[in-house]
Every structure is written in C-alpha cells, then in structure tokens.
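Colleague:
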Amino acid sequence: MTDIKRLKTGQRMSQAVIHGNTVYLAGQVATGADGKSVAEQTRDILDRIDALLKEAGTDKSKLLSATIWLADISSFAEMNTIWDSWVSAGNTPARACVEAKLASPEYTVEIGIIAAL
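In my numbering, each residue carries its 1-based index in the sequence shown increased by 979.
Structure, rendered in structure tokens:
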C-alpha cells in the first residue's frame, strides 16, 4: 500500500496531500484578501500554490487538473490574465472554472490543484 503524506495539516484539512505520484492541494484563497482585486487575489493564490507544490516536491509544469471558483463570473477575463501569465506553456492542466458563492465575502477567487510529482 502506498504511503500518504500530508502537508500543513490542521484540524479540518491539510493544505496538500501526497499519495503515490500525485499531489492534491486544498482549495487556495488569498491571505489578507480584504479589498483586493481579482487579479491581486489570483496572483497571491498562485504564489501560495507555487510554494505548496515546491514543498511537495513538484512544480506548476506538472499540473494535471485545476478547478477555479469565482465569486462573480464576470471577473473571468481578469483572473485569466494572471493565470495565463503564470501557467507553464505547453503544460496546461485540464481545467474547470465556475461561479460559486465562496466561504467568505472577501474572497473572490479560489483555486484547487492536482499535480504529478
């Protein structure tokens, strides 16, 4: 049986779980999100994702899947401007992007990632 490794584990969830050759990240939101634009929140989230992937032993060139939740789908283009400049060319993941009510009103973007090691 394959070992499971958990990173930044709390009472409710882990920020990352490694199983076999796959890393599953919890949905990431911007820290200190009050009053920040969708672009700023997206940039902050992607920085957090980079750090978690690095800690897990991988990077954005190995993304398998991304799920993006937007509080307002009209911000799709603003979020994509940041996403497109961040994602590894030629290594884009399968991706879904939907509008959803997020956990707190100050959050406008949440991103979940699955990556290979």
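Where a beta carbon is used, it is the ideal one built from N, C-alpha and C, also for glycine. In this text, all values refer to a predicted model and were calculated from it rather than measured experimentally.
1. My assumption, with CB atoms under 8 Å, is that E1078 sits in contact with D1038. Please give the rounded CB distance.
2. Looking at L986: is its Cβ nearer than 8 Å to the Cβ of E1034?
3. For the candidate residues A1009, Y1086, A1073, whose alpha-carbon lies nearest to that of A1095?
4. Quick one: what does DSSP say Q990 is sitting in, helix, strand or coil?
5. How far does the alpha helix (DSSP H) with A1068 in it reach, from first residue to last?
Modeller: The relevant details are as follows:
1. About 29 Å separates the two Cβ atoms, so there is no contact after all.
2. yes
3. A1073
4. coil
5. Looking at the DSSP string, A1068 is not in any alpha helix (DSSP H), and its letter there is neither H nor E.
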